[in-house]
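K.L.:
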Amino acid sequence: CILARSIPNIGNWTVFTSVQLEKLQKHKIKKPTPYFSTSTKPNSNWQIPLPNSE
Numbered sequence: 001c002i003l004a005r006s007i008p009n010i011g012n013w014t015v016f017t018s019v020q021l022e023k024l025q026k027h028k029i030k031k032p033t034p035y036f037s038t039s040t041k042p043n044s045n046w047q048i049p050l051p052n053s054e
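Here the sequence shown stands for residues 1 to 54, numbered as in full-length UniProt numbering.
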């Protein structure tokens, strides 16, 4: 079950069961399949100039 409040830290907790959540949803919930790429190593070091302090 899930506990929720209308406003954070104010009021009583509302309990939502899995059956209630299934009735509320309009579409079937799909598990996301994220896309990712492999990391690479830079060819050269980063050189960031420091701002002049006056």
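C-beta atoms are modelled at their ideal positions from N, C-alpha and C, and glycine is treated no differently.
1) Can you give the Cα-Cα distance for proline 8 and histidine 27, rounded to whole angstroms?
2) Compute the distance between the beta-carbons of threonine 17 and alanine 4, then report whether it is under 8 Å.
3) Give me the Cα-Cα distance between isoleucine 29 and asparagine 43, rounded to the nearest whole angstrom.
4) Under the three-state reduction of DSSP, which class applies to leucine 50: helix, strand or coil?
5) Would you mind listing the alpha helix (DSSP H) stretches within the region 1–37 that are 4+ residues and don't spill past its ends, in chain order?
P.N.:
On the basis of the data shown:
1) Here residue 8 refers to the residue found at position 8 when the sequence shown is read from its first residue. Here residue 27 refers to the residue found at position 27 when the sequence shown is read from its first residue. One C-alpha to the other measures close to 27 Å.
2) Taking the first residue of the sequence shown as position 1, residue 17 is located at position 17. Taking the first residue of the sequence shown as position 1, residue 4 is located at position 4. Going by C-beta atoms, threonine 17 is not nearer than 8 Å to alanine 4.
3) Residue 29 sits at position 29 when you count from the first residue of the sequence shown. Residue 43 sits at position 43 when you count from the first residue of the sequence shown. The straight-line gap from Cα to Cα measures roughly 43 Å.
4) As a working note, residue 50 is residue 50 in the sequence shown. Of the three classes helix, strand and coil, the one that applies to leucine 50 here is coil, per DSSP.
5) 18–24
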